[in-house]
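Colleague: Residues in the sequence shown are numbered from 91 upward in steps of one, following the working numbering. Sharing a structure with you now.
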Amino acid sequence: QLSMSCEQSINKLNEILEEYRANNYRQTFPKRFQKDIIKAASKISSNNSSAQSDGAIISAEGIEHVLNNISAGHKMPRIEIEAIFCEIGVCPLESASSESGSNSTNNGSSCVIS
């Protein structure tokens, strides 16, 4: 079970991403947008972590990078992003990209991007 503050932070992150999607990806399916975000976040996460190349992940660094790239870094401070990942851990890429529901679960870790 996630804490109330973590759930609020996840909702805030999803609202930021949805606002960007609605304004900039109007003619693209939401699933395509989700895959693009996951790809961008996992690329940065893999470059900045000691994760094995076969186990790509999404981490706080990746989410922060994506938010900065879409000019939304000021809407969610790094400490709030880190608080999410402290509670849920990193998100394995396979889980984030294969599950379509929000807060999908893999080995007890909830994935953030819905």
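Ideal Cβ positions, reconstructed from N, Cα and C, are used throughout, including at glycine.
Smallest Cα separation from lysine 102: which of Cys181, Phe123, Gly179, Ala173?
Modeller: The residue with the shortest Cα to Cα distance from lysine 102 is Ala173.
Colleague: Can you tell me which of the three DSSP states arginine 160 falls into?
Modeller: For clarity, residue 160 is isoleucine in the given sequence; the question names arginine instead. Note: isoleucine 160 maps to coil in three-state DSSP.
Colleague: Assuming histidine 155 and alanine 131 make a contact with CB atoms under 8 Å, what is their CB distance in whole Å?
Modeller: Yes, they are in contact, since the Cβ atoms of histidine 155 and alanine 131 sit about 7 Å apart, within 8 Å.
Colleague: Does the Cβ-Cβ distance between isoleucine 160 and tyrosine 110 come in under 8 Å?
Modeller: Yes.
Colleague: Is the Cβ-Cβ distance between cysteine 96 and glutamate 151 less than 8 Å?
Modeller: Contact flag unset, no.
Colleague: Grab the span of the alpha helix (DSSP H) containing methionine 94 for me, first residue to last.
Modeller: Per DSSP, methionine 94 belongs to the alpha helix (DSSP H) from 94-114.
Colleague: From which residue to which residue does the alpha helix (DSSP H) around phenylalanine 175 run?
Modeller: Note, phenylalanine 175: alpha helix (DSSP H), 168-178.
Colleague: Helix, strand or coil for glutamine 124? Go by DSSP, reduced to three states.
Modeller: DSSP places glutamine 124 in helix when its eight states are reduced to three.
Colleague: State yes or no: is the C-beta of serine 149 within less than 8 Å of the C-beta of phenylalanine 119?
Modeller: Cβ distance not < 8 Å, so serine 149 and phenylalanine 119 don't count as in contact.
Colleague: Once the 5 residues before and after serine 93 are set aside, which same chain residues still bring their CB inside 7 Å of it?
Modeller: Excluding sequence neighbours, serine 93 sits near Glu177.
Colleague: Within 10 angstroms of its Cβ, does isoleucine 169 collect 16 or more other Cβ (buried), or is it exposed?
Modeller: Exposed is the call here.
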